[in-house]
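What follows is a single structure, written as structure tokens, with notes after it.
Residue numbers (my numbering), protein chains in the order written: chain A, -6 to 199; chain B, -6 to 199.
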């Protein structure tokens, strides 16, 4: 067997394991992503899982990277559709698309944010990039309106986190049962007010 | 033994179990809150834990209720300190206090939001109230400025969720290492822009 085909074999196993992990998370949530179950469903040994990913966190990070890539494509498509609209509309389109993705892929989406590395480990730089891509898309919307880099970065982060927080707490349904129309109204409200240009979203009283 | 003292005994065991559960969550996070460990540390049987709380979720809900009560007192104290200030300052004071509480009680605070009931269970109404108390405090700040109830409720929820999202994603340190000054700047930014009354926080360009 040549080195090439050994690499190919390893790559095929790696893909199969990530595919199995994605399926487990989609059906049962992050808690189901255990090396034993992944190995069993992929018909290989637990040793193979650890050999390829180091530990279970390595596999979780790769699985979450797939979800982030899907979310990134979904957000990019939304940005493209709204490219000609004004800033408030473009950001609102991204926010509503985020709500849609989170609702339709709830377990995978939650896994991206629920996963915590042990306190002894730092979040790997390569995986930070996947998240920065989402921010970069919002920063790009703000580019023409906010010249100062730090303010643009701060506002992009604040908007992303605000949308994430509203979607998360709405879907959690711990304050009230989930109401999609109400959630959408609240997303529109915070965006219209945050980037209000005087023409939209500001009430007269505040 | 009279019924009164049996009740008293049950109440003392209940308090002891919640205390043990709080300690486990504080030191190790929600994942450590297992019936077996709580029973062991409280020197009672697992059956007693289930007898008092129904299942582990019952104990988690009670433990989280303590954290929410602490958080509520902390937020109320912050609101009292800022009572004479303008709206932006009052809301910013609450947001910074929220960041402080989350930073200092990170594992207990995370447990409040990480805990998920099984899909077959609805979040109990009594425990929704604890969370509504936090929203009510923000609504009270908005009362004099926003007369319309639905808008006031929407804005209070959106502000709370935005602050929660910014604190959560900053502390997660998955996009960049946690930087308290940066997080505080972003909290101030989103609040100043959301409730801007023309006098503060709005940039000239947007």
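Heads up, the beta-carbon is just placed ideally off N, CA and C, and yes, glycines get one too.
Residue 129 (chain B) Cβ short of 7 Å to the ligand GDP heavy atom set: This structure does not include the ligand GDP; it has no bound ligands of any sort.
Three or more C-beta pairs below 8 Å linking the segment 139 to 149 of chain B and the segment 145 to 154 of chain A: no
Under 7 Å from the C-beta of residue 187 (chain A): neighbouring residues of chain B: 183, 186 and 187
Beta-carbon neighbours of residue 162 (chain A), restricted to chain B and to distances below 9 Å: 106, 124, 150, 153, 154, 157 and 158
Reference residue 178 (chain B); option with closest CA among B:5, B:88, B:73 and B:111: B:88
Own chain, CB closer than 7 Å to residue 71 (chain B), minus 5 neighbours either side, in chain order: 86, 87 and 90
Under 8 Å from the C-beta of residue 168 (chain B): neighbouring residues of chain A: 121, 124, 125, 128 and 150
Contained alpha helix (DSSP H) runs [length at least 4] in the segment 14 to 47 of chain B, N- to C-terminal order: 28 to 35 and 39 to 46
Whole beta strand (DSSP E) elements within the segment 81 to 162 of chain A, 3-residue minimum: none
7 Å Cβ shell around residue 92 (chain B) - same chain, five flanking residues per side excluded: 160, 176, 177 and 180
Own chain residues within Cβ distance below 7 Å of residue 135 (chain A), not counting five before or after: 145, 148 and 149
Neighbourhood of residue 108 (chain B) by C-beta, 7 Å cutoff - its chain only, sequence neighbours within 5 removed: 23, 53 and 57
Within-8 Å CB hit, residue 79 (chain B) to chain A: no
Residue 53 (chain A): first and last residue of the uninterrupted alpha helix (DSSP H) it sits in: 49 to 74
Cutoff 8 Å; reference residue 19 (chain A); Cβ partners in own chain excluding five residues on either side: 98, 100 and 101
Identity of the residue in B:50, B:16, B:174 and B:31 nearest residue 113 (chain B) by Cα: B:50
Cβ of residue 100 (chain A) within 8 Å of any chain B Cβ: no
Nearest-angstrom Cα separation, counted from residue 31 (chain A) out to residue 43 (chain A): 11 Å
Unbroken alpha helix (DSSP H) run spanning residue 184 (chain A), endpoints: 173 to 187
Burial state of residue -6 (chain A) (16 or more Cβ within 10 Å): For residue -6 (chain A), the predicted structure reports a pLDDT of 48, less than 50, and the residue's modelled location is therefore unreliable. The matter cannot be settled from this model.
Residue 4 (chain A) in three-state terms, based on DSSP: helix
Option nearest residue 154 (chain A) by Cα separation, candidates A:131, A:35 and A:166: A:131
Nearest-angstrom beta carbon gap, residue 80 (chain A) and residue 138 (chain A) [assumed within contact, 8 Å]: 6 Å
Beta carbon of residue 167 (chain A) nearer than 8 Å to that of residue 121 (chain B): yes
Simplified DSSP assignment, three categories, for residue 168 (chain B): coil
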